[in-house]
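Colleague:
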Amino acid sequence: MLCSARELKLSEEHGGLLILPEDTPVGADIRKVLDLDDQIFIIKLTPNKADCLSIHGVAREVSALTGAPITLPTMAPVAVTLSDKLPVKVEAPDLCGRFAGRIIRGVNARAKTPAWMVSRIERAGMRSVSALVDISNYVMLELGRPSHVFDLDKIHGGLTVRWGKPGEQLKLLNGDTVTVDDKVGVISDEQAIESLAGIMGGDKTAVTLDTQNIYVEAAFWWPAAIQGRARRYNFSTDAGHRFERGVDYATIVEHIERISALILDICGGQAGPIDDQIVNCPKREPVRMRVARAARVLGIPLSHEVVSDVFRRLGLTFSVDGDVFVVEPPSYRFDIEIEEDLIEEVARIYGFEQIPAKPPVAENTMRPTNEARRTMHDVRHAVAARDYHEVVNFAFVETEWEADFAGNTQPIPLLNPIASQYSVMRSTLIGGLLDKVRYNLNRKASRVRLFEVGRVFRRDAEVADGGLSVAGYAQPMRVGGIAYGPAAEEQWGVPARAVDFFDVKGDVESLLWPLQARFERAEHSALHPGRAARVVLDGRAVGWIGELHPRWLQKYELPTAPVVWELDLDAITAVGLPAYREVPRVPAVTRDIALVVRQDVGVQDLVDAFEKAAAGMPWQRYLQGVVLFDEFRPKAATAAIGAQEKSLAFRITLQDTDSTLQDDLVEAATQQLIRAAGDAFGARLRA
């Protein structure tokens, strides 16, 4: 049978038949000839173990764990037969700490990659491209050193390592054309940028089968300068994956020698000297580890001999100062910075399985509770107690939602959204809540009550950088809810009716208790213009409540209007300390009054007038409350109420804890409240 490597599922190569070596014995087992019984391990690394992103790195770990000797490939300097150097200027030391490269002329780019190299590359999950590219990829897999091979004849002048300029564009090796800014590192020549620093080379200077002269480059890129850059353009690379975690900065020259030796051996050519520029390499400070503390953290006795053996097996240079080990972090270990990192290394090599399982021994410290504040957990329970179900939505939302529900025409955009519908940061919770209502309605739910506690994001020039803050952006916590459908579950004892503004207002008042909020008329882009209110605490607006605007009902295809609300979480968690109030020994006195006012006069306006009238009066301390219990709007004018008027009935409650109030004091207080309403709004008693 004549087959290609692809048909045999050995690789993706299908340009021709699989040719075996000429000395292959007839009848030999193909598995042995092609080493198909090889073991392939898939190793899932934690982000801190960038030093293991290579065969060399894994071998180091195996050697440390087993004690087996490690054998490194030959990295002797190649013969330098040229004096050529490519001018390179590093303008951004915060981007590139070390840059090295060399010219190699007269290479045969059409040379065939050795079968052993192709096999190893493909078994590592990569595909063979060409000899020059394969060698670069092979050394990255072998030693963890990403490098790049430029076509020297396509470079104009020298190279400059710098930050990009807004608007500059580059066509990459993967065919994408990207636009960079001043936060993206680049390598440029005298005409244009030729590579995304530490991520991917450009198509213009890529090597081809016709390439004769090359420039081999390897560098140390600062992890912070590489992190997240590839994700901005919706792709990732093996080089970027390594550089953003940290790559050894001390062995760049040795690794270029390894690449050069393979190129000269496979593709031929003549090599020039290595131009090595060290501009800003990391300064690693010694890390101290106390043996006593390590023993206390791990819960096992540790001797100096055990710790010394662990550090030697890991290849760590150290000295001993009494009970303290002073370790020089290797250039390839970016995860060793503090004492706890060394303790972790001791635990790993000592063996977690050798640490006996024991119950923890620790002091049971009682932590005081701030009684003047309630926790986020308390708030969640309070909302859930009002028959709401909690949801957790993405903080990323559609641009359209921000315009519709927050009136925000300039939302905070994401550089690399996970999906087109999640392209901006939310400044309100309402979009996500409404989306979940629609989701449930599409699944035949008739009554939906949801809430969410989460952050919203807004531009704020007064916010400075901090531990949990980003300059220019406010990230307040909010709690919001939405109620749709019947006010209560269907039952025989209560007539069915749709939830309304006042039902949800009661939910908000219950959530705020013991705080007393004012509800003022307000306009909001998401809410019905006549059925919306601003929630005010101590003179400061802390949220809003209202029915969804009719235009959004139509746009989002909702049969009836839900009632939504949103509050500042910080404002409602500060409830103050509870205060004792003596239990009254005598009953309260109530008076009912019905006032006729214009229809545009709000109940809150009248209550404010009552409070103002009571201020400073002798009976103020007896006034327990003024509550609206009835409203009447006639369909047509009557003798008592005009067509543009309404009747509001209030119950006034007065009480003294020690004695029964006299009728004259109660009457005086009632008349004074009636006069205050009349003076402020022309109110009169209903006949």
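Take the sequence shown: its position 185, counted from the start at 1, is 185 in UniProt numbering, and no numbers get skipped. Don't be surprised by glycine CBs; every beta carbon is placed ideally from N, CA and C.
#1: If contacts are defined as beta-carbon pairs under 8 Å, then A522 and A532 qualify, I think. What distance do you get, rounded to the angstrom?
#2: Between which two residues does the alpha helix (DSSP H) carrying D500 extend?
#3: In the DSSP output, which residue or residues are listed as bridge partners for G185?
#4: In terms of residues, what are the limits of the alpha helix (DSSP H) holding T670?
#5: Can you list, in chain order, the residues of its chain whose CB lies under 7 Å from that of V253, leaving out five sequence neighbours each side?
#6: Alpha carbon to alpha carbon, what distance is there between A131 and R290?
#7: Within 8 Å, do at least three Cβ pairs link the stretch 549-567 to the stretch 589-606?
#8: Whole angstroms is fine: what's the gap from F243's alpha carbon to G530's?
#9: Alpha carbon to alpha carbon, how far is G202 from N174? Give it in angstroms, no decimals.
#10: Could you check if R258 is buried or exposed, using at least 16 other CB atoms within 10 Å of its CB as the buried criterion?
#11: Three-state secondary structure (DSSP) at A403?
#12: Going residue by residue through the stretch 68-116, where are the continuous beta strand (DSSP E) segments of at least 3 residues, counting only ones entirely within it?
#13: Tell me the DSSP secondary structure of L537 in three-state form.
#14: If contacts are defined as beta-carbon pairs under 8 Å, then A271 and L264 qualify, I think. What distance do you get, rounded to the angstrom?
#15: At 4 residues or longer, and completely inside the stretch 209-276: list those alpha helix (DSSP H) runs for me, N to C.
#16: Is it true that the CB of V326 sits closer than 9 Å to the CB of A294?
#17: Pick from A230, V494, A517: whose alpha carbon is nearest that of K505?
#18: Take L441 and list the residues in its own chain whose beta-carbon comes closer than 6 Å to its own, dropping the five residues that flank it on each side.
#19: State the start and end residues of the unbroken beta strand (DSSP E) segment that holds D568.
#20: Write down every uninterrupted run of the beta strand (DSSP E) in the UniProt domain "B5" (282-357) whose length is 3 residues or greater and which is fully enclosed by it, in chain order.
#21: E122 and S54 look like a contact to me (Cβ under 8 Å); what is the Cβ gap, rounded to whole Å?
#22: Would you call the stretch 444-455 and the stretch 382-401 touching, i.e. three or more CB-CB distances under 8 Å?
#23: Give every residue of the same chain whose Cβ lies closer than 7 Å to the Cβ of Q491, excluding the five residues on either side of it in the sequence, and list them in chain order.
#24: Should L623 and F650 be called a contact, given that it needs their Cβ atoms to be closer than 9 Å?
#25: Going by the DSSP bridge assignment, what does S647 pair with across the sheet?
#26: With G480 as the anchor, note down where its beta strand (DSSP E) starts and where it stops.
#27: Just to confirm the assignment, what range does the alpha helix (DSSP H) spanning I42 have?
Modeller: According to the data block:
#1: The Cβ separation is near 6 Å, so the contact holds.
#2: No residue range can be given for D500, since it is assigned to no alpha helix (DSSP H) and is classified by DSSP as neither H nor E.
#3: W163
#4: 663-681
#5: A100, I274, D276
#6: 50 Å
#7: no
#8: 58 Å
#9: Straight-line Cα distance between these residues: approximately 9 Å.
#10: buried
#11: In the structure shown, A403 sits in a helix (DSSP, three-state: H, G or I).
#12: Listed in chain order, they are 88-90, 96-105.
#13: strand
#14: 6 Å
#15: 223-226, 229-232, 238-243, 252-266
#16: The beta carbons of A294 and V326 sit no closer together than 9 Å.
#17: A517
#18: Take L441, set aside five residues on each side of it, and no residue of its chain has a beta-carbon closer than 6 Å to its own.
#19: 563-568
#20: Taken in chain order, the whole beta strand (DSSP E) runs of length 3 or more contained in the UniProt domain "B5" (282-357) are 287-290, 317-321, 324-328.
#21: Not really, about 17 Å apart at Cβ, beyond 8 Å.
#22: Touching, per the Cβ criterion.
#23: none
#24: no
#25: Answer is V596, F632, bridged to S647.
#26: 477-484
#27: Where I42 is concerned, there is no enclosing alpha helix (DSSP H), given that its DSSP letter is neither H nor E.
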